[in-house]
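2 protein chains.
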Amino acid sequence: MQGTSFIGFGRGSNTGASSHAVNPATLESLEPAYVSPSNEEVKKAVELASTAFPIYRQLPAATRAQFLRTIATEIEAVADAIAARGVAETGLPEARLRGETGRTVGQLRLFASMLDEGSWVDARIEHAQPERTPIPKVDIRSMLRPLGPVVVFCASNFPLAYSVAGGDTASALAVGCPVIVKAHSSHPGTSEIVAGAVIRAAQQCGMPEGVFSVLYGSGVTVGGELVKHPAIKAVGFTGSHKGGRALMDIAAARSEPIPVYAEMSSINPVVILPGAIAEKASALAEGFYQSLTLGVGQFCTNPGLLLLPKGMETEFIAALQEKIAAAPTGTMLNAGICKAYQEATSACGAQPGVTTIASAQQAATGQATPAVFLCDAETFLTSPALSDEMFGPASLLISGTPEQLLSVAEALEGQLTASVHGTEADFASAGPLLEILERKAGRLIFNGFPTGVEVCHSMVHGGPYPSTSDGRSTSVGTMAAYRFTRPVAWQNTPEALLPDELKESNPLGIPRMVDGKHL
Amino acid sequence: MQGTSFIGFGRGSNTGASSHAVNPATLESLEPAYVSPSNEEVKKAVELASTAFPIYRQLPAATRAQFLRTIATEIEAVADAIAARGVAETGLPEARLRGETGRTVGQLRLFASMLDEGSWVDARIEHAQPERTPIPKVDIRSMLRPLGPVVVFCASNFPLAYSVAGGDTASALAVGCPVIVKAHSSHPGTSEIVAGAVIRAAQQCGMPEGVFSVLYGSGVTVGGELVKHPAIKAVGFTGSHKGGRALMDIAAARSEPIPVYAEMSSINPVVILPGAIAEKASALAEGFYQSLTLGVGQFCTNPGLLLLPKGMETEFIAALQEKIAAAPTGTMLNAGICKAYQEATSACGAQPGVTTIASAQQAATGQATPAVFLCDAETFLTSPALSDEMFGPASLLISGTPEQLLSVAEALEGQLTASVHGTEADFASAGPLLEILERKAGRLIFNGFPTGVEVCHSMVHGGPYPSTSDGRSTSVGTMAAYRFTRPVAWQNTPEALLPDELKESNPLGIPRMVDGKHL
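So the protein lines, in turn, are chains A and B. For the working numbering, count along the first sequence from 1 and bump the result up by 6. For the working numbering, count along the second sequence from 1 and bump the result up by 6.
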């Protein structure tokens, strides 16, 4: 472990401002110190990425797929080191880190298989019609091509699956974009281990230098400098609303504005309909408790809002209280998150009209217990602060009549998910509710809870602002590839000059739209 | 002709600030006066669109297709009135207005056929695997859904195909978004005729009131107010860089930022390689002249930059000069555009190192002749102002060595198109040039000129900033549908609650991706 940035195939200097990771369970400082790169080093990483782009983007899809698979293999080879350092840096249990490593390599291989299958480029061919009147039709072919160098900000709550070689990196590298990662200060050592694996894979596969770099240092200074650099063409981010919005504003103010894909905050409303709560209040309380406390509540999809039918909430709340009373404390990811959780839950409990069902206990520093609050629909509708995310195992229950709960749903901001529990009879009359929720969320869940995000072709882990910066995209699953691409058309192009994906002979054998038909 | 805004199915008041269209050929003021809507009327149009959205977006695709086809029929029924008023307002010849009317109804019908075919929703189904370990796989299905009410700004240079019922409107209505049009002050009467046709179609098809409104008034005040309104979810614009960037900045500064699809400025470089100019200098000059002067140069794809091999330019330039000397004057769209054209061409000719091949003659007010300038690569590379668009029939020729022309290409900003003329031997060594041009443009054209944009499935009429606000999209062709949509996923959803596009039985019979395979 060197504690220096990865700048192309080299390492940054080890002088300058630095910081240590802290074990959130013990508050011990962990060696080595991680050094912030100089301005020149930041520029050099961007220049290397710029130089790599024209080469990398022209590599055959199969070569990029091989690169992704080699990264996966190299990460698996250091899985023990990742688990050991990851536990120390994040307080997450070893099983979680090993599971997340599995998800990370699975994601890389899923994007590799997407490249092999090939339909993601949306290849379209329309043949010339020279005899058409009044104007002959030209030959036009189009496909998606990469945007350019991408900056990826690591997430604190996914030290692997949304960090150095996580979903943002995998999707950007897959489509042909070099990546510069801004490592998260909470888990720099885990990042160094994974970065080494990616660099080894890049060298083994003969990738151009600059296809991948990892920089330490502050999000505001190093991150801000990266996002401002003219050669950067897109940004991926997972974190707070404040951080995401700051990056959006920087990107929008550039001489050439660029897209920012920021996954920010979501309270993931769960609605329990009367038939469901009458039938299985206790089972619903159990399911809700499990979702609420999974990973100490530190998921983007944590259920922060629960809507209950007025007059039917007693059994559910009693069962939930029983669960929470027996809940173990959990170590949060870092001291800042833990402090913010304590403050947010205290503030919620202090709001007029809010009853505390279970308060976050003052446990040892860095530890948290679940917190649950209750209010009526009118209180929620007149207290905008109650819509704020409380990152951690906290949730606000809202009790209301069916009409009131429709108003609550309509008042919600954009969400990653919305969940509804109901019986067949409930759903028969839930049309207006479902219509509202579909406008508010990226994913609708029936008789389930929002935690657990399948990495697949149809997943949407996105949603209207402010759950993300851009509801037109997903950060999980293969549709994430669309974020870092743009369509390009070729007109009357000689066969030899067309990309393989668009050649008449279809040498890659990929699915294409030809003259309006899917072949 | 009433001269008032269309607010839902009603009309705005006829009091308040107003302006007249002006016949650019005669400078006559045309009746009636067009009245700017009040703030309350603007708000009412947005509120009606908001109310219409939940209804409109849930209509079956076939119903929206029928609406688009009815709009086309209603426009055809008033084609004579459009042609008459259009000629008076724009100075464009009647044949062009009739042709553009044909393109407009063709676009509407193309989007209707896209809805019938159904693959555009990108329906994806992945079935549950309850036995999967360690975690069962849930059933996830996704498709594209509409963003919400869209504001469309009419273009001055396409009074039909990119105005009231043009491509932006057609694509937004197709995917399920209500549209509020901000009419262009250059052709308000043409807009009123077309708006009437759309409203008649909406009423005939039983569409919800508010699915379509057309507002007159200033782009800065009425347009700005629309873009700031929280219920507006996206913006389409075709016009100047200044206007587009102003809308981008307003949209980015909103509490909830929204996407702006602005097609702005492009100089559409054309490169002539040595073999091509040696073989057919005169034919290339003829083709270039035709493209340059089509529609008095008032196309987004006008060839504003031509790169010639140093030492081989004489015959081409002589042939071009001969053409231009015999060129008729043309009426520009309005006095403002004509004045800007005179100023831009004067400024270009006055730049040090720039030779005037043909200057825009001082013709009658509102009229223009072609202007062509020449400089060497070094002059271009050291004079940033030479990259500015001169809207109209003007172009700058750059002569340079192959290496210099590569530097010129690399220095270009984002473009809608890039064209290359070459022989087979030219192309065999043009790899580096083509690589650069592909990074700079949305459409690459071989042995052709950029004017003429086919409306089809594979067209990309977009390109990196500043040619558009967002190179990830196209404003022409069916891929434009993606601009006004976002993906939504349904998890473990009862069959009855799924949209038809995602039902297990595939009642619409559309192409879908099922468990990773295209069916």
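Even for Gly, the Cβ is constructed at its ideal location relative to N, Cα and C.
Let me know the secondary structure DSSP gives residue i once reduced to three states.
{"i": "Gly195(B)", "result": "helix"}
{"i": "Thr107(B)", "result": "helix"}
{"i": "Gly468(B)", "result": "coil"}
{"i": "Thr139(B)", "result": "coil"}
{"i": "Leu422(B)", "result": "strand"}
{"i": "His427(B)", "result": "strand"}
{"i": "Ile256(B)", "result": "helix"}
{"i": "Tyr295(B)", "result": "helix"}
{"i": "Phe551(A)", "result": "Here chain A has residues from 7 to 525 only, and residue 551(A) is not among them."}
{"i": "Gly249(B)", "result": "helix"}
{"i": "Gly310(A)", "result": "coil"}
{"i": "Met120(A)", "result": "helix"}
{"i": "Cys211(A)", "result": "coil"}
{"i": "Phe15(A)", "result": "coil"}
Are the CB atoms of residue i and residue j nearer to each other than 8 Å?
{"i": "Ala58(B)", "j": "Pro152(B)", "result": "no"}
{"i": "Val494(A)", "j": "Met149(A)", "result": "yes"}
{"i": "Gln497(B)", "j": "Glu441(A)", "result": "no"}
{"i": "Gly448(B)", "j": "Gly469(B)", "result": "yes"}
{"i": "Ser177(B)", "j": "Phe117(B)", "result": "yes"}
{"i": "Thr429(A)", "j": "Glu321(A)", "result": "no"}
{"i": "Ala161(A)", "j": "Thr244(A)", "result": "yes"}
{"i": "Ala377(A)", "j": "Ala366(A)", "result": "yes"}
{"i": "Ile363(B)", "j": "Ala383(B)", "result": "no"}
{"i": "Ala486(B)", "j": "Gly173(B)", "result": "yes"}
{"i": "Thr175(B)", "j": "Ser297(B)", "result": "no"}
{"i": "Gly112(A)", "j": "Val461(A)", "result": "yes"}
{"i": "Ala156(A)", "j": "Gly242(A)", "result": "According to the sequence shown, residue 156(A) is Val rather than Ala. Contact flag set, yes."}
{"i": "Thr385(B)", "j": "Gly355(B)", "result": "no"}
{"i": "Glu95(A)", "j": "Pro38(A)", "result": "no"}
{"i": "Thr351(A)", "j": "Met396(A)", "result": "yes"}
Give me the Cα-Cα distance between residue i and residue j, rounded to the nearest whole angstrom.
{"i": "Ala101(B)", "j": "Val200(B)", "result": "18 Å"}
{"i": "Phe379(A)", "j": "Val144(B)", "result": "30 Å"}
{"i": "Thr375(B)", "j": "Ala333(B)", "result": "7 Å"}
{"i": "Pro99(B)", "j": "Leu312(B)", "result": "28 Å"}
{"i": "Thr499(A)", "j": "Phe452(B)", "result": "5 Å"}
{"i": "Ser11(A)", "j": "Asp255(B)", "result": "35 Å"}
{"i": "Ala208(A)", "j": "Gly420(A)", "result": "38 Å"}
{"i": "Ala68(A)", "j": "Leu121(A)", "result": "7 Å"}
{"i": "Ala331(A)", "j": "Ala424(A)", "result": "27 Å"}
Please compile the residues from chain A whose C-beta is within a distance smaller than 9 Å of the C-beta of residue i.
{"i": "Ala258(B)", "result": "Met254, Asp255, Ala257, Ala258, Ala259, Pro263"}
{"i": "Gly485(B)", "result": "Here the sequence assigns Met to residue 485(B), which means Gly is not the residue at that position. Result: Asp128, Arg130, Ser148, Pro493."}
{"i": "Gln410(B)", "result": "Correct list: empty, because the minimum Cβ distance to chain A is about 19 Å."}
Using the beta-carbon of each residue, which ones in chain B are nearer than 9 Å to residue i?
{"i": "Pro315(A)", "result": "Per Cβ cutoff of 9 Å: no residues; Pro315(A) is ~19 Å from chain B at best."}
{"i": "Leu298(A)", "result": "Within 9 Å Cβ-Cβ: nothing; Leu298(A) doesn't reach chain B, min ~18 Å."}
Who are the neighbours of residue i on chain A, taking C-beta pairs under 7 Å?
{"i": "Pro309(B)", "result": "Simply none; closest approach about 14 Å."}
{"i": "Ser125(B)", "result": "His524"}
{"i": "Glu460(B)", "result": "Lys143, Val144, Ile146"}
List, in chain order, every chain B residue whose beta-carbon is nearer than 8 Å to that of residue i.
{"i": "Ile131(A)", "result": "Ser464"}
{"i": "Glu441(A)", "result": "Pro60, Gln64"}
Cβ closer than 8 Å: which chain A residues qualify as neighbours of residue i?
{"i": "Thr499(B)", "result": "Leu450, Phe452"}
{"i": "Pro517(B)", "result": "His524"}
How would you list, in chain order, the residues of chain B whose beta-carbon sits under 7 Å from the beta-carbon of residue i?
{"i": "Thr480(A)", "result": "Pro493"}
{"i": "Gly526(A)", "result": "Not covered by the structure: residue 526(A). The range shown for chain A is 7 to 525."}
{"i": "Tyr471(A)", "result": "Glu262, Pro263"}
Kindly examine the ligand PLP and report whether one of its heavy atoms sits closer than 7 Å to the Cβ of residue i.
{"i": "Leu300(A)", "result": "As for the ligand PLP, it is missing from this structure, which has no ligand bound."}
### Task
Output, in sequence order along the chain, the residues in the region 141 to 160 of chain B whose CB is closer than 8 Å to any CB in chain D.
Looking at the structure shown, chain D is missing, and the protein chains on hand are A and B.
### Query
Closer than 9 Å, Cβ to any Cβ of chain A: which residues of the region 198 to 222 of chain B, in chain order?
Result list empty, no residue passes.
### Message
Under 9 Å, CB to CB, which of the residues in the region 277 to 290 of chain A have a partner in chain B?
### Response
Residues passing the 9 Å Cβ filter: none.
### Short-range partners of chain A found in the region 413 to 439 of chain B, where Cβ spacing is below 7 Å
Residues passing the 7 Å Cβ filter: Phe433.
### Task
With 7 Å as the limit, tell me which residues of the region 386 to 404 of chain A have their beta carbon closer than that to any beta carbon of chain B; keep them in chain order.
Answer in chain order: no residues at all.
### Task
Note down, in chain order, all residues in the region 40 to 70 of chain B with a beta-carbon under 9 Å from any beta-carbon belonging to chain A.
Shown in chain order are the members of the region 40 to 70 of chain B whose Cβ falls below 9 Å from a Cβ of chain A: Phe59, Pro60, Arg63, Gln64.
### Query
Which of the residues in the region 500 to 513 of chain B, read from start to end, lie with their CB under 7 Å from any CB of chain A?
Of all residues in the region 500 to 513 of chain B, Pro500, Leu503 have a Cβ within less than 7 Å of some Cβ in chain A.
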